[in-house]
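In mature numbering (1 follows the signal peptide of the UniProt record, and there is no 0), the protein residues as written are -17 to -1, 1 to 278.
Glycine included, every Cβ here is placed at the ideal spot set by N, Cα and C.
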């Protein structure tokens, strides 16, 4: 867990939705490549929510420090190419300053039980947004470039990226992660999913103030559900929306901050759609790779 969890007054940077899809297959119509599928045969707490099936979401990644006795997870992330994972800048800021070794954990579900299908890849470099501000939590986004490429398969694969203009206000979205179930609690051993509702930028800005969340040209997306929210340990992890046209999960947000794991104010995420050009630039400058978007 990141040491710098508390940000400003009552603002917590989180180091943390159920649809009817059944074994969605890769390559749905309307996407440029295989992405955003879920593995389900049939049909709690993040704070609220429920545990989900092993390897249900192939695109989720754990971000961990490389420790003397293994790996110490502290944040989440999402696979976007065979060579890149997206996460939050507040997850990487201390890592960069400390020059700490970091790895991504893939196909890792129950952290208390080693899995033969799990894949661990070291992080070669971190592209943290140059405009990241730890006081206002602006531009809370980073790209991890991996030391070796991911071999995609049924249980490990990329999430779809959104079109730059995508607005999910009023839509049901889903947050995933190993975050704590209460403020200052420990991360869970198995990940959870939570269906929640995206609120308008104006509603979120009114709750947090325009210095933290701007309603003009929004670079954040916010959610609000009664007694349910992301929490510490969920930071950097995915907020996804199931595109009804493709039946695929699209990454609409990266978990950023909230009000001490409560529903007193909306939970705030970095809005991925606002950073598509920046994401493409970081990929092109490191290990050029195709990203999956809606065709």
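Given a threshold of 16 other Cβ atoms within 10 Å of its Cβ, counted over all protein chains shown, does residue i qualify as buried or as exposed?
i: residue 228; result: exposed
i: residue 82; result: exposed
i: residue 264; result: exposed
i: residue 86; result: buried
i: residue 84; result: exposed
i: residue 194; result: exposed
i: residue 15; result: exposed
i: residue 181; result: buried
i: residue 192; result: exposed
i: residue 51; result: exposed
i: residue 175; result: buried
i: residue 200; result: exposed
Excluding the 5 residues flanking residue i on each side, which residues of the same chain have their C-beta closer than 7 Å to its C-beta?
i: residue 284; result: Any property of residue 284 remains undetermined from this structure, which presents the chain solely from -17 to 278.
i: residue 65; result: 132, 133, 135 and 272
i: residue 107; result: 128, 129 and 130
i: residue 10; result: The predicted position of residue 10 is uncertain, since its pLDDT is 47 and thus under 50; no value can be drawn from it.
i: residue 71; result: 58, 123, 124, 125, 218, 219, 237, 238, 239 and 253
i: residue 154; result: 181 and 224
i: residue 13; result: 228, 229, 277 and 278
Using a Cβ-Cβ cut-off of 6 Å (strictly less than) and excluding sequence neighbours within five positions of residue i, which residues of its own chain qualify?
i: residue 122; result: 112, 114 and 115
i: residue 68; result: 44, 60, 62, 87 and 127
i: residue 269; result: 128
i: residue 56; result: 45 and 47
i: residue 190; result: 248 and 249
i: residue 49; result: 84 and 86
Nearest by alpha-carbon distance to residue i: which of the options is it?
i: residue 102; options: 109, 81, 21 and 47; result: 47
i: residue 220; options: 73, 275 and 20; result: 73
i: residue 105; options: 182, 232, 45 and 153; result: 45
i: residue 125; options: 151, 49, 186 and 236; result: 236
i: residue 138; options: 275, 91, 117 and 222; result: 91
i: residue 177; options: 17, 222, 275 and 56; result: 222
i: residue 149; options: 110, 204, 119 and 120; result: 204
i: residue 247; options: 230, 186, 109 and 275; result: 186
Return the Cβ separation of residue i and residue j in integer angstroms, given the expectation that the two are a contact with Cβ distance under 8 Å.
i: residue 42; j: residue 160; result: Between residue 160 and residue 42 the Cβ distance is about 12 Å, and since that is not below 8 Å, they are no contact.
i: residue 252; j: residue 238; result: 6 Å
i: residue 147; j: residue 256; result: 5 Å
i: residue 277; j: residue 143; result: 7 Å
i: residue 202; j: residue 254; result: 5 Å
i: residue 217; j: residue 158; result: 7 Å
Does the distance from the C-beta atom of residue i to that of residue j stay below 8 Å?
i: residue 54; j: residue 89; result: no
i: residue 234; j: residue 100; result: no
i: residue 156; j: residue 261; result: no
i: residue 183; j: residue 152; result: yes
i: residue 109; j: residue 79; result: yes
Is any heavy atom in the ligand ADP found nearer than 7 Å to the beta carbon of residue i?
i: residue 67; result: As presented, the structure is devoid of all ligands, the ligand ADP included, so that no description of it is given.
Are the C-beta atoms of residue i and some chain B residue less than 8 Å apart?
i: residue 88; result: In summary, chain B is missing from the structure at hand, where a single protein chain is found.
Can you find the residues in the same chain that come closer than 8 Å, C-beta to C-beta, to residue i, ignoring five residues on each side of it along the sequence?
i: residue 76; result: -14, 111, 115 and 117
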